[in-house]
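There are 2 protein chains.
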Amino acid sequence: MITNNKNRGSIERITCQKEIILDYLKSVKTHPSAELIFREVRKKLPRISQGTVYRILNNLKNKDKVKAISVGGITHFDGDVSSHAHFICQECHNIYDIFDICQECQIIKEQKLKVGKIKNYQIYFYGYCKKCRAKMPRLPKKDSNRK
Amino acid sequence: MITNNKNRGSIERITCQKEIILDYLKSVKTHPSAELIFREVRKKLPRISQGTVYRILNNLKNKDKVKAISVGGITHFDGDVSSHAHFICQECHNIYDIFDICQECQIIKEQKLKVGKIKNYQIYFYGYCKKCRAKMPRLPKKDSNRK
DNA sequence: TTTATTATTAGTAATCATTATTATTTAAAT
DNA sequence: ATTTAAATAATAATGATTACTAATAATAAA
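Residue numbers (our numbering), protein chains in the order written: chain A, 1 to 147; chain B, 1 to 147.
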């Protein structure tokens, strides 16, 4: 029989796993990894599996409900989807939010390039944050061989 | 006995593996992954190992001889270390160079932020390139569940 | 409310890029 | 030529992420 559902194909279901993961990401100012999100969410849902966390995070990302930030091969997630950049400390690996940058760049405002239209963008700044700089007696060696 | 070598600590040796990898990266306009670099370099050095390629690429990156570009969990390398951004096509996954952006942004020019000094940065634009757009009858669905 | 349907999940195994290890090789200093 | 330690090749290990499958549970239909 014919359904009245306007959605073609699969219907999205509301589950508490989705809600708790999104609520957690909206509640924190940090940028947790999937692994950390899994550990935190498991406090509320002890039976949740890692695969579920990864799948839900990917779905949220694809729906632009969260942003993904790649740091040293690990994906971190940001519940704040407003336009902003990130500063990543090469010592403590903390991720800092940088607002007030995107309205300056004409390219970002126009969202157009010769090669194609910009759907999305990511800006990463790297350096040593002031906290870490204060702790350093000298600057670290350039080729530390570490990622 | 005391050495006259100005370098503190380890001495860097010149090897053909390093030279061939860097020459390859300088010669191409594309942005190959470590895996592809390994396959290409092996044509000249059939006995080179993957570990060597990864280590040399990391060293080159740490010495700012090459740039690393992270796309979908895979690290790609760019022999052009001049200031430029990248446009990544979400369909064909090609990486396009975008020049003429960095001189616009005051923050990038000043290299200073409240949180710390900018040593380095990466700008990624995402979208569908014109080539792929021409092939598409309609826009793809948002949540394709693919990375 | 009960039943049927199927999206979603939990648990686990598999994948795959990258890193670590170690014996061997080799560039360069003596 | 000999020495020495940096670099390599080969291989194993790691670890984040994905794939798979049987069980569960959110909706729709009866």
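Glycine included, every Cβ here is placed at the ideal spot set by N, Cα and C.
_Tell me the DSSP secondary structure of C16 (chain B) in three-state form._
It is helical.
*Note down, in chain order, each residue of its chain lying with its Cβ closer than 7 angstroms to the Cβ of Q17 (chain A), except the 5 sequence neighbours on either side.*
Closer than 7 angstroms at Cβ, skipping near neighbours: L45, I48, T52, I56.
_Distance between N120 (chain A) and I88 (chain A) (C-alpha atoms, nearest Å)_ = When rounded, the distance between both Cα atoms is 20 angstroms.
_What does the alpha-carbon distance come out to for the pair G127 (chain A) and T15 (chain A)?_
Our two residues, G127 (chain A) and T15 (chain A), have alpha carbons roughly 40 angstroms apart in a direct line.
*For H31 (chain B), collect the residues of the same chain with a Cβ closer than 7 angstroms to its Cβ; drop the 5 residues on either side in sequence, then sort them by chain order.*
Same-chain partners within the cutoff: I69, H76, F77, D78, I95.
*asked:* Please give me, in chain order, every unbroken run of the alpha helix (DSSP H) with length at least 4 that falls completely inside the segment 9-76 of chain A.
replied: Listed in chain order, the complete alpha helix (DSSP H) runs (minimum 4 residues) inside the segment 9-76 of chain A are 16-27, 34-44, 50-62.
*Which whole-angstrom value describes the C-beta separation of I98 (chain B) and H86 (chain B), a residue pair presumed to lie in contact below a C-beta threshold of 8 angstroms?*
Between H86 (chain B) and I98 (chain B) the Cβ distance is about 6 angstroms, and since that is below 8 angstroms, they are a contact.
_Whole beta strand (DSSP E) elements within the segment 102-131 of chain A, 3-residue minimum_ = Taking only runs of at least 3 residues, the beta strand (DSSP E) segments lying wholly in the segment 102-131 of chain A are 120-127.
*Under a CB-based cut-off of 8 angstroms, is L113 (chain A) close to chain B?*
Judged by the 8 angstroms Cβ criterion, L113 (chain A) is in contact with chain B.
*Pull out every residue of the segment 114-129 of chain A whose Cβ sits closer than 7 angstroms to any Cβ of chain B, in chain order.*
Along the segment 114-129 of chain A, going in chain order, the ones with a CB nearer than 7 angstroms to a CB of chain B are V115, G116, K117, I118, K119, N120, Y121, Q122, I123, Y124, F125, Y126, G127, Y128, C129.
*Check whether C105 (chain A) and I101 (chain B) have beta carbons under 8 angstroms apart*: In this structure, I101 (chain B) lies closer than 8 angstroms to C105 (chain A) by Cβ.
_Nearest by alpha-carbon distance to C129 (chain A): which of B:I37, B:Q111, B:Y124, B:L22 is it?_
Selected option, being the one with the closest Cα: B:Q111.
_Can you pull the chain B neighbours of Y24 (chain A), defined as C-beta to C-beta under 9 angstroms?_
Ordered by position in chain B, no residue passes the 9 angstroms Cβ test against Y24 (chain A), which lies about 21 angstroms from the chain.
*Examine chain A for any beta-carbon lying closer than 8 angstroms to the beta-carbon of Y54 (chain B), and answer yes or no.*
Chain A, which has no Cβ nearer than 8 angstroms to the Cβ of Y54 (chain B), makes this no.
*Looking at C-alpha atoms only, which residue of B:I108, B:S33, B:G116, B:V41 is the closest neighbour of G72 (chain B)?*
Closest option to G72 (chain B), Cα to Cα, is B:S33.
_Interface partners of C89 (chain B) on chain A, CB under 9 angstroms_ = What C89 (chain B) touches in chain A: V115, G116.
_Positions along the segment 70-83 of chain A whose CB lies within less than 8 angstroms of some CB in chain B_ = Of all residues in the segment 70-83 of chain A, S70, G73, T75 have a Cβ within less than 8 angstroms of some Cβ in chain B.
*Please confirm if R47 (chain A) has its CB atom under 8 angstroms from at least one CB of chain B.*
It does not: the Cβ of R47 (chain A) has no partner Cβ on chain B nearer than 8 angstroms.
*According to DSSP, which residues form a beta bridge with A85 (chain A)?*
Answer is A:I98, bridged to A85 (chain A).
*Within 8 angstroms (strictly less), CB to CB, does I101 (chain A) reach chain B?*
I101 (chain A) counts as touching chain B.
*Can you have a look at K67 (chain B) and say buried or exposed, based on whether 16 or more other CB atoms are within 10 angstroms of its CB?*
Buried is the call here.
*What whole-angstrom Cβ distance do V81 (chain A) and K65 (chain A) have, given they're in contact under 8 angstroms?*
Sure, about 7 angstroms apart at Cβ, within 8 angstroms.
*Contact with chain A by C226 (chain B), beta-carbon distance below 8 angstroms*: Given a span of 1 to 147 for chain B in the structure shown, any question on residue 226 (chain B) remains unanswerable.
*asked:* Suppose you measure from the CA of Y162 (chain B) to the CA of H93 (chain B); what does that come to, to the nearest Å?
replied: Here chain B has residues from 1 to 147 only, and residue 162 (chain B) is not among them.
*Straight-line CA distance for F123 (chain A) to Y124 (chain B)?*
For the record, residue 123 (chain A) in the displayed sequence is Ile; it is not Phe. When the Cα atoms are used, I123 (chain A) and Y124 (chain B) turn out to be separated by approximately 6 angstroms.
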